[in-house]
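*Asks:* Have a look at this one.
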Amino acid sequence: MTVQHLRSLYPDLAEWTSNCEQLRQANTLPELVWLGLQLGLIFARLAVEEELKNRAIEPNNWHKCTGCQKQIRSKGFRPRQMETLIGCIK
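Everything in the sequence shown is counted per our numbering, starting at 346 for the first residue and increasing by one.
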């Protein structure tokens with residue numbers, strides 16, 4: 346996959362396109378590795394956020410809490426965020 350193909354995945358996301366351009370202009374192997382890692386983390390964060398949005402839309406039969414046996418339910422689309430290894434998930 347070329348940098349041009351990578352850039353086309355999220356053309357409207359400034360963070361993504363900026364890292365793609367930096368990757369294209371990198372001169373050293375450490376720069377390439379660092380920027381590749383950054384792109385991977387951005388992609389992982391976007392993939393997780395997209396999946397969470399899809400799950401919030403779809404109805405789901407939630408299981409019961411193993412501790413108290415109450416029915417678990419979705420919090421829906423309430424704004425929230427969590428800091429993870431792949432970045433801040435919103």
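C-beta atoms are modelled at their ideal positions from N, C-alpha and C, and glycine is treated no differently.
Computed from a predicted model, the values in this text were never measured in an experiment.
Excluding the five sequence neighbours on either side, which residues of its own chain have a C-beta within less than 6 Å of the C-beta of Gln426, listed in chain order?
*Replies:* Cys433, Lys435
*Asks:* Mark Ile387 as exposed unless 16 or more other C-beta atoms lie within 10 angstroms of its C-beta, in which case mark it buried.
*Replies:* buried
*Asks:* Kindly indicate which three-state DSSP category Gly432 falls into: helix, strand or coil?
*Replies:* strand
*Asks:* Which same chain residues, not among the five before or five after Ile417, have their C-beta less than 7 Å away from its C-beta?
*Replies:* Trp407, His408, Lys409, Cys410
*Asks:* So Phe388 is in the alpha helix (DSSP H); what residue range does that whole segment cover?
*Replies:* 374 to 402
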